[in-house]
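Residues in the sequence shown are numbered consecutively from 726, following my numbering.
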Amino acid sequence: MVTITSSGKPVLSFKSKAEYTMQVNVGPAFGWGMGAQKWADLVKENTGGLINIKPYFGSALLAGKQTNWFQAVSEGSIDFVMDSTINASAVIKSLNLFSLPFFINTYENVDKIENGNSGKQIVSDMEKLGVITLAWGENGFRQLTNSKKPITKPSDMNGLKFRVVGTPIFVDIFHALGADAVSMNWGDAVTAFQQGAVDGQENPYGVLLPVKIWEYHKYLSNWSYVIDPLIVGVSKTTWDTFPNYIKKAIQDAAIEAAEWEKAYVRRGLDGFTSINILKNKFNDVPEVLDQMGYVRHQGVQIVDLTPEQRQAFIDATKSVYDKWIPIIGQNIYDLAKKDIGQ
């Protein structure tokens, strides 16, 4: 039992655990992983060392099964989480909104949805099942890489096999584009790339750099077909044990860490906006500022789709909307369109 004081006055006592756990799917070298560690460090600082959060990278608490994080956090077996919305989309169907192909195509629209009525509804959907969202982080817009050829039109994907995230909407997208989609963990994917069993994959730049994608693939298409936000959250079971000002300290830390993490993964991809945030607000100048340029410098041929080329991909994936909007919820989709002015 620990008694906390604020302004010299005793407040509610609560049982503080020696360690609070945090689920993180990636490793500590990724921007997302660094953001998780920053959140844990800020919480410790903001609470005077009373709340110690340990990030468990690589979904270590879930034996690598990252799609189980929502259930574990909602049940309270894991306290905190900084993880992908994709990995919770099987439970929270509205999260598949972010995976509708070519729907959210700018950082401005990402922010509008997260802060708008559609984002608030998604947060409410999660809270009803026991996960409280304190902030939104980001993995990034997912790009396409492969070892065979430049991809500029849907027919270029015919017959190619791509490693995709293990959720149904991704399989549907790639099938609509004429490609074969296979789900596997990254270690198995690397082996498959090396053996030629799998031709390509899709991930944001914030993943492509740490995994050194140029060692396997020499072609990249900037198609930004889906966005991959992160939930910076906490189990309601854990949250309810904290007094209000500890809650505030944790949420303030979450907001600050998420702002840094978003700027880090967006750096160089949104002009100088995120670079300036890192420099001016956080006094942070990462070694690599131009992520796309860095990948190109490694010998990767990068294709930027023209509006006409992009439209061909949009037209080819309309069947995904027909199937998935009823699953996501027409109301959420309509709210999102209003949030971004469509």
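C-beta atoms are modelled at their ideal positions from N, C-alpha and C, and glycine is treated no differently.
- Ranking Asn-947, Lys-1048, Ala-974 and Ile-1002 by CA distance to the CA of Gly-865 puts Asn-947 first.
- Exclusion of the five residues before and after Arg-1021 leaves Ile-1027 as the residues of its chain whose Cβ lies within less than 6 Å of its Cβ.
- Rounded to whole angstroms, Val-1045 and Val-990 show a C-alpha spacing of 28 Å.
- In terms of CA proximity to Lys-878, Glu-1033 leads the group Asp-1059, Glu-770, Asp-1064 and Glu-1033.
- For Val-768, the CB contacts under 6 Å within the same chain, skipping 5 residues up- and downstream, are Ile-776, Ile-778, Ile-975 and Ala-978 in chain order.
- Looking at the DSSP output, Ile-817 shares a beta bridge with no other residue.
- Partner residues in the beta bridge of Asn-871, as assigned by DSSP, are Gly-925 and Tyr-944.
- Measuring C-alpha to C-alpha distances from Asn-910 to each of Asn-928, Ser-819 and Leu-854 identifies Asn-928 as the nearest.
- Judged by DSSP secondary structure, Thr-746 falls within the beta strand (DSSP E) whose first and last residues are 745-748.
- Glu-770 has its alpha-carbon roughly 39 Å from the corresponding atom of Phe-828.
- As a beta-bridge residue in DSSP terms, Lys-779 pairs with Thr-746.
- Shown here, Asp-953 sits in a strand according to DSSP, grouped into three states.
- Boundaries of the beta strand (DSSP E) around Gly-862: 856-866.
- Annotation: the continuous beta strand (DSSP E) that includes Gln-1026 extends over 1026-1029.
- In the DSSP secondary-structure assignment, Val-915 is not bridged to any residue.
- If you draw a straight line from the Cα of Ala-765 to the Cα of Pro-780, it comes to about 7 Å.
- Where Lys-769 is concerned, there is no enclosing beta strand (DSSP E), although the alpha helix (DSSP H) around it starts and stops at 756-771.
- One alpha carbon belongs to Glu-833, the other to Asn-871, and they sit about 28 Å apart.
- By alpha-carbon distance to Glu-981, the top candidate from Lys-1063, Trp-861 and Thr-962 is Trp-861.
- Approximately 7 Å separates the beta-carbon atoms of Ser-949 and Gln-868; this is inside 8 Å, confirming the contact.
- Under the DSSP assignment, Lys-973 falls outside any beta strand (DSSP E), being part of the alpha helix (DSSP H) whose first and last residues are 969-991.
- Taking each of Ile-838, Thr-966 and Ser-908 in turn and checking the Cα distance to Leu-822, the smallest one comes out for Ile-838.
- Phe-795: member of the alpha helix (DSSP H) spanning 794-800, first to last residue.
- Look at the beta carbons and you see the segment 930-941 not touching the segment 996-1012: under three pairs across the two are nearer than 8 Å.
- Going by C-alpha positions, Glu-852 is about 14 Å away from Lys-818.
- Within the same chain, and ignoring the five residues on either side of Lys-1048 in sequence, the residues whose Cβ sits closer than 8 Å to its Cβ are Asp-897.
- With respect to the 8 Å criterion, Ser-799 and Leu-854 are classified as neighbours on the basis of their beta carbons.
- A residue is called buried once 16 or more other Cβ atoms fall within 10 Å of its Cβ, and Phe-997, having fewer, is exposed.
- In the displayed model, Lys-878 falls within coil according to three-state DSSP, outside both helix and strand.
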